[in-house]
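What follows is a set of notes on a single structure, which appears directly below.
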Amino acid sequence: IPLASKWKLLGSMVLVSPKHREFTPLEMELMAAIGHQIGTGLENAQLFQESQRRQKEAEALFHIGLEVSRLLNLDSILDSVVEKAHKLLEVDAAILSLQDEANLGICIRAFSGSPKASFKGMRLKEGEGLAGRVIGLGQPVTTEDYLSDPIFRHTQDGDALVRESGLKAHLGVPLTIGEKVFGCLSVASQKHRHFTEQEVAILQQLAQLAALAIENARLYGQVQELATYQERERLAREMHDGLGQVLGYLQLKARGVEDMLGEGKLTEAQREIQEMRKVTREAYE
Numbered sequence: 310i311p312l313a314s315k316w317k318l319l320g321s322m323v324l325v326s327p328k329h330r331e332f333t334p335l336e337m338e339l340m341a342a343i344g345h346q347i348g349t350g351l352e353n354a355q356l357f358q359e360s361q362r363r364q365k366e367a368e369a370l371f372h373i374g375l376e377v378s379r380l381l382n383l384d385s386i387l388d389s390v391v392e393k394a395h396k397l398l399e400v401d402a403a404i405l406s407l408q409d410e411a412n413l414g415i416c417i418r419a420f421s422g423s424p425k426a427s428f429k430g431m432r433l434k435e436g437e438g439l440a441g442r443v444i445g446l447g448q449p450v451t452t453e454d455y456l457s458d459p460i461f462r463h464t465q466d467g468d469a470l471v472r473e474s475g476l477k478a479h480l481g482v483p484l485t486i487g488e489k490v491f492g493c494l495s496v497a498s499q500k501h502r503h504f505t506e507q508e509v510a511i512l513q514q515l516a517q518l519a520a521l522a523i524e525n526a527r528l529y530g531q532v533q534e535l536a537t538y539q540e541r542e543r544l545a546r547e548m549h550d551g552l553g554q555v556l557g558y559l560q561l562k563a564r565g566v567e568d569m570l571g572e573g574k575l576t577e578a579q580r581e582i583q584e585m586r587k588v589t590r591e592a593y594e
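For reference, each letter of the sequence shown is one residue, going 310 to 594 in this note's numbering.
This is how it looks when you write it as structure tokens:
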């Protein structure tokens with residue numbers, strides 16, 4: 310019996326009898342109707358799980374953005390970002406690389422995973438490794454097995470560290486401010502793994518939060534050098550008001566409400582809208 314909903318095949322159910330028998334047309338018609346009901350139930354459950362997952366991811370990114378935006382020390386920001394990426398995407402390692410301001414190369418500035426000390430401080434030339442390709446292209450890059458993938462410019466030291474750590478699947482996204490690409494945030498797994506479009510989108514959002522926080526830290530450092538203490542404090546508050554994170558949070562919340570309305574979950578949708586109004590009011594204040 311096919312398990313289907315809205316012409317979408319979700320699976321099948323097989324009925325088995327220990328005796329020789331012929332299923333009647335009425336029995337087949339009845340079981341087909343039951344299969345349709347089961348398929349509808351499965352689709353509703355999947356939609357609910359997807360909605361719950363999106364909500365958890367939205368809330369996680371919102372709180373991560375607030376936490377990172379409060380940091381002013383660059384090293385603290387970088388360490389916090391890789392730790393959050395490590396946990397949020399449930400991977401074995403997360404790496405953050407920055408391009409030198411003088412464009413002399415790329416340096417791994419933060420690492421979360423094991424072995425921790427080996428990767429941090431490693432330097433790459435322009436175009437080398439995953440980070441070099443991501444920064445060069447200015448777009449996400451993924452591979453299920455880095456060491457055997459010919460699209461990368463491999464280095465002896467880099468491959469040795471990857472081999473030692475047992476990392477295989479990698480996903481990297483660029484750190485950008487406007488049109489400028491200045492770094493790469495990547496995650497890796499010790500298993501062959503296909504990163505989904507949703508995982509790519511999550512890492513991109515986290516990378517954007519990181520880029521804004523890094524830029525804020527850089528600007529804050531300039532302000533400390535050029536302005537008085539009172540002026541520095543005023544500008545710091547303006548740079549860390551978190552409004553961009555609030556807007557991103559509301560956008561993801563609105564998407565979740567649309568899903569709930571589509572499923573007829575009016576009570577849950579109304580509760581989410583009330584939460585959105587509360588966040589909007591706090592941001593306005």
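Glycine is no exception: its CB is placed at the ideal position from the N, C-alpha and C atoms.
Residue i (DSSP reduced to helix, strand or coil)
i	result
Pro-334	helix
Gly-422	strand
Thr-589	helix
Leu-515	helix
Lys-317	strand
Arg-502	coil
Leu-433	strand
Gly-573	coil
Lys-328	coil
Asp-401	coil
Gly-467	helix
Asn-525	helix
Gly-447	coil
Member of the options whose CA lies at the smallest distance from the CA of residue i
i	options	result
Ser-474	Ser-423, Arg-442, Glu-591 and Thr-485	Ser-423
Val-443	Met-585, Ala-516, Asn-382 and Val-566	Ala-516
Ala-469	Thr-349, Leu-484 and Ser-427	Ser-427
Ile-486	Glu-453, Gly-348 and Gly-447	Gly-447
Trp-316	Gly-344, Pro-334 and Val-400	Gly-344
Gly-436	Lys-587, Ser-421 and Gly-467	Gly-467
Ala-522	Glu-338, Ser-314, Asn-382 and Glu-368	Asn-382
Leu-494	Ser-406, Ile-415 and His-329	Ser-406
Leu-351	Ser-321, Leu-413, Leu-484 and Thr-589	Ser-321
Ala-510	Gly-553, Gln-408, Arg-527 and Leu-397	Leu-397
Gly-348	Ala-313, Lys-328, Glu-376 and Gln-579	Ala-313
Leu-561	Gly-438, Lys-574, Ile-582 and Val-390	Ile-582
Gln-554	Phe-371, Gly-430, Met-337 and Met-585	Phe-371
His-463	Phe-332, Leu-433 and Leu-335	Leu-433
Residues that DSSP places opposite residue i in a beta bridge
i	result
Ile-486	Lys-489
His-479	Thr-452 and Ala-497
Ser-406	Ile-417 and Cys-493
Gln-311	Contrary to the premise, residue 311 reads as Pro rather than Gln in this sequence. DSSP lists Ser-321 as partners of Pro-311.
Arg-462	Glu-437
Where residue i falls, given that 16 or more other Cβ within 10 Å makes a residue buried
i	result
Ala-519	buried
Asn-525	buried
Arg-502	buried
Gln-507	exposed
Arg-564	exposed
Lys-365	exposed
Leu-556	exposed
Pro-593	Looking at the sequence itself, residue 593 is Tyr, so the reference to Pro does not match. It is exposed - the Cβ of Tyr-593 has fewer than 16 other Cβ atoms within 10 Å.
His-395	buried
Val-325	exposed
Arg-418	buried
Val-323	exposed
Ile-460	exposed
Gly-430	exposed
Gln-465	exposed
Proximity test, residue i beta-carbon vs the ligand SAH heavy atom, cut-off 7 Å
i	result
Ser-495	The model on display carries no ligand, and the ligand SAH is accordingly not part of it.
Contact set for residue i: own chain, Cβ-Cβ below 8 Å, skip 5 residues either direction
i	result
Glu-572	Asn-353, Leu-356, Phe-357 and Ser-360
Glu-453	Lys-477, Ala-478, His-501, Arg-502 and His-503
Asp-458	Thr-452
Residues near residue i in its chain [Cβ-Cβ closer than 7 Å; skip 5 each side]
i	result
Arg-472	Leu-456
Gln-408	Ile-415, Ile-444, Phe-491 and Gly-492
Leu-319	Leu-312, Ala-313, Gly-348, Leu-351 and Glu-352
Sequence-distant residues of the same chain with beta carbon closer than 6 Å to residue i, five excluded per side
i	result
Val-450	Arg-442, Val-443 and Gly-481
Ser-498	Val-400, Asp-401 and Ala-478
Leu-570	Ala-578
Met-340	Ile-310
Ala-403	Val-391, Ala-394, His-395, Ser-421 and Val-496
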